[in-house]
Amino acid sequence: MDFNSFLTSLGTSFAIFVVLMLLFTWLSRKQGNAVVYYPNRILKGMDPWEGRSGERNPVAWIQEAINSSEKDVVTMSGVDTAVYFVFLGTAVGILVLASLVLLPLLLPVAASDPGVNGSGTTSSGTFNELDKLAMGHVQERSQRLWAFVFATYWVSIVTYYLLWNAYKHVSDLRAAALMAPVVRPEQFAVVVRDIPTPPQGQTRKEQVDKFFREIYPDTFYRSLVVTNNKQVNKIWQEMEGYKKKLAHAEAVYGESKTEGNPEGTRPTCRTGFLGLVGDKVDTIDHCHEKINELIPRLEAQQKVTLREKQQSSAIVFFTSRLTAASAAQNLHSRMVDTWSVMDAPEPRQIIWSNLPNNFYQRQIRQYVVYFIVFLTIVFYMIPIGFVSAFTTLSNLVKLLPFIKPIVKQNVLRTVLEAYLPQLALIIFLALLPKFLFFLSITEGILSESHAIRAASGKYFYFSVLNVFIGVTVGGTLFSTFKIVEKDPNIIVPLLASSLPGNATFFLTYVALKFFVGYGLELSRVVPLIIYHLKRKYLCKTEAELKEAWAPGDLGYGTRIPADMLILTIVLCYSVIAPVMIPFGVIYFGLGWLVLRNQALKVLVPSYESYGKFWPHIYTRIMAALILFQLTMFGYFGVKNFYYTAILLPLPICSLIFAYICKQKFYQFFHHTALEVASHEIPNMEHVYRSFLPPSLASEKPDDDQFDDALSQASRTGSAV
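Sequential numbering from 384 applies to the sequence shown in the working numbering.
Here you go:
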């Protein structure tokens, strides 16, 4: 990519962001758009335009974001969202502190060097302006390389310092949330798995109650044995579908009543496949008939499920948070594969189908999933490598000769060079997250938040190995495959020597992500269009309207790996090409502003884990730092610097630092510390019923019958 293409990409991305920001300012003032731009406030019963009456300043949202406190974020969007902003602030802090030394120190050192000719270029193409400001411009064995050694140490020390402070801060946030007097049902419950076969003459529920009542006689409340809900869920979902269809049909019928047609027109539908074939019937009558048919079927299936489909897991409730926290950390059996007890997640997070998986099933599934992820990373590297090798115009012309007339047009050529590789890469990455989330659930993970963390971790390592390393060495690897085959140890020097040649690619990639990506995030043009189309043509009831404008959450599973990829790229280029650092600062700084606005006004969290995402984030930052240190070690070797070994202590220090942080902080994120468990006793019946699956809690028999069904469970044990 030449300098003109880079400037075109950067200028166009910035122009798009400005347009989208002005569009946001205009659209967010429209009364009919309030549910798209202020849904979080609306759901909390607040005035969407509170404190902004008559405001016409297009950047007023920036002032609001800056003036907001961490407490405001916790109140509006929860602890997990506040922890994410700790990550963004830490990333900005690392890059800003690094830039204060690296930019004034390294740029003059590199620019004033006589330079190298024909090698060490910082960009593929004719980007000579950037070459002179990078480490590639410094001659081999030059004493000037000592400045880059110091810079490598400085980046590492800054990262250690800020990560330590961030870990302490997040730990305080988590402690404050757990100590709050608000009653959260999951804090009075534990999940029990690997329950052994009950003794002869004893039901599963009796077995569980007896076991925990003997250990915790004063605080045990009751248990809820997990059942196989596949059939009852199917009936319940079918009935809920007919209820929604009935409400929609009644709304359509109500709208059809006019002065000219006071009787209205009753809607009709077909009873066959997808409502396209079969007999035409009155929709309202048909839905009533179906609901009346399904109610007794549901009640009968509920009784069968509760009595005959109990499984080898349960949720146990205590009247004390202290006891629940203690029980989740204690060993309840001599054998690892029986009576496994752990913290209960929020009721809305539980993946019920994974609860009955026994210890050995979970272990086998985990290893199988890891193997599949490994194969995915390896084989996905092939198309990523081809993307990096063939999305350059010169290679595309060879592959597709018929595009030569297009490439000869200077304007089109410049635009294609500026955006084609980055867009191809973004499209490839968009295909992966759902597959990785599916693998994480298949692994047997208990809760949605844990599955998202696991998928996020897989996605991060995939991104680093396939995007960063794959794009960096993709083209080089094809030309040096035989050398790598003979000497695999050459991979680190190969990565280091390949990094400079892709600096402009990643500069453009980062710019595209923060200007266009955050511009679309702020303007919410796509959700706005979808909402108005649904409102006009599909939505007839309040429930349908609310579903149409439901904003969703922050999307940690894809957002954090994407952020971590950018941080990895910027860290690895921070010393080799320091001009990358300002782009990283803008990315994370702009992200902090835009997402702060979204957290306070738009996004609604779908779960709360009280900061359990932080150790995951911290581990990936450390992985990025170690990759940076190894890359610098390799690049100093490429520069034939005599004292390259002076960098060897850095990765060792990073591993020691990571170990110390894990020993000091991690356990509090894995378990609830007893010192933060309060002693109030809530309405335990409410706590208990919050964990009932909707298919069993809805349209169910009365309370006595429900308990009776549990106590009269099949005495043959679990029927999975």
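C-beta atoms are modelled at their ideal positions from N, C-alpha and C, and glycine is treated no differently. If you're wondering where the values come from, they're calculated on a predicted model, not measured in any experiment.
Residue i vs residue j beta-carbon contact at 8 Å
i       : j       : result
Thr610  : Leu689  : yes
Met562  : Ser989  : no
Ile734  : Ala834  : yes
Asp1052 : Tyr543  : Strictly speaking, residue 1052 in this sequence is Phe, with Asp absent from that position. No, they are not a contact pair.
Val479  : Val968  : yes
Phe966  : Leu890  : yes
Thr651  : Asp665  : yes
Phe762  : Ala572  : no
Pro396  : Asp577  : The residue asked about is misnamed: residue 396 is Ser in this sequence, not Pro. No, Cβ-Cβ distance for Ser396 and Asp577 is not below 8 Å.
Val419  : Arg907  : yes
Leu986  : Asn423  : yes
Gln1012 : Leu983  : no
Ala493  : Lys515  : yes
Pro564  : Glu1068 : no
Ile949  : Val893  : yes
Gln981  : Glu1058 : no
Coarse secondary structure for residue i, derived from DSSP in three states
i       : result
Ala1060 : coil
Ala558  : helix
Arg527  : coil
Asp720  : coil
Gln620  : helix
Phe971  : helix
Ile959  : coil
Phe1074 : coil
Ala697  : strand
Leu403  : helix
Ala563  : coil
Leu815  : coil
Cys922  : coil
Thr863  : Residue placement at Thr863 cannot be trusted, given a pLDDT of 46 that sits under 50; what the coordinates show is reported in the next sentence. Residue state, collapsed to three classes: coil.
Pro1084 : Annotation note: pLDDT 42 at Pro1084 (below 50); position unreliable, no value reported.
Separation of residue j from residue i, as counted between CA atoms
i       : j       : result
Tyr1049 : Pro998  : 7 Å
Pro1065 : Val899  : 48 Å
Thr535  : Ile1043 : 22 Å
Tyr842  : Val752  : 13 Å
Ser696  : Val574  : 8 Å
Gly822  : Leu829  : The sequence given here has Leu at residue 822, not Gly. So the two alpha carbons sit approximately 13 Å from each other.
Phe595  : Phe1074 : 19 Å
Leu916  : Leu928  : 11 Å
Gly940  : Tyr625  : 33 Å
Pro345  : Pro581  : For residue 345 there is no data in the structure shown, the boundaries of the chain being 384 and 1103.
Glu447  : Val457  : 16 Å
Cys1036 : Ala1056 : 29 Å
His631  : Cys922  : 8 Å
Leu489  : Lys454  : 40 Å
Ser736  : Glu925  : 32 Å
Ser1104 : Ala634  : Missing from the structure shown is residue 1104; the chain here goes from 384 to 1103 and no further.
Ala727  : Glu569  : 5 Å
Ile425  : Leu629  : 27 Å
Leu1079 : Arg605  : 17 Å
Val401  : Gly902  : 8 Å
His837  : Glu826  : The displayed chain sequence assigns Ala, not His, to residue 837. Whole-angstrom Cα-Cα distance: 10 Å.
Option in the options with minimal Cα separation from residue i
i       : options                          : result
Phe820  : Val756, Asn849, Tyr763, Leu848   : Val756
Asn849  : Val608, Lys1022, Thr759, Gly655  : Thr759
Val719  : Gln746, Tyr901, Gln694           : Gln746
His552  : Val402, Tyr467, Phe407           : Tyr467
Ile678  : Lys588, Leu950, Pro739, Glu621   : Glu621
Val1021 : Gln744, Val521, Glu729           : Val521
Leu483  : Ser957, Asp601, Glu831, Phe407   : Ser957
Ile824  : Val847, Gln732, Tyr914           : Gln732
Val847  : Arg1003, Gln981, Asn740          : Arg1003
Glu1104 : Lys627, Asp946, Met947           : With the chain covering only 384 through 1103, there is no way to say anything about residue 1104.
Pro1120 : Ala481, Ser525, Leu485           : As displayed, the chain neither begins before 384 nor continues past 1103, which places residue 1120 out of reach and without an answer.
Ile943  : Val541, Ile1000, Met459, Tyr1018 : Ile1000
Gly556  : Val469, Leu410, Asp592, Gln414   : It should be noted that the sequence gives Leu, not Gly, for residue 556. The shortest C-alpha separation from Leu556 is found at Val469.
Counting Cβ pairs, one atom from each stretch, are 3 or more of them under 8 Å apart for the segment 961-973 and the segment 421-435? For the pair of segments examined, the segment 961-973 was found not to touch the segment 421-435: the number of CB pairs separated by less than 8 Å stays below three.
Evaluate contact between the segment 974-984 and the segment 469-482, counting only Cβ atoms and requiring at least three cross-stretch pairs below 8 Å. Three or more Cβ pairs drawn from the segment 974-984 and the segment 469-482 lie within less than 8 Å of each other, which places the two stretches in contact.
Decide yes or no for the touch test of the segment 677-687 against the segment 634-643: beta carbon pairs closer than 8 Å, at least 3 of them. No contact exists between the segment 677-687 and the segment 634-643.
Using 8 Å as the cut-off, can you tell me whether the segment 981-995 makes contact with the segment 1007-1020, which would need three or more C-beta pairs spanning the two stretches below that distance? The segment 981-995 and the segment 1007-1020 do not touch, with fewer than 3 CB-CB distances between them shorter than 8 Å.
Please determine if the segment 668-675 and the segment 602-620 are in contact, where contact requires at least 3 C-beta pairs separated by less than 8 Å. With a cut-off of 8 Å, the segment 602-620 and the segment 668-675 do not count as touching, because too few Cβ pairs lie within range.
Would the segment 701-712 count as touching the segment 540-555 if we require 3 or more Cβ pairs under 8 Å? The answer is no - the segment 540-555 does not touch the segment 701-712, with fewer than three Cβ pairs under 8 Å.
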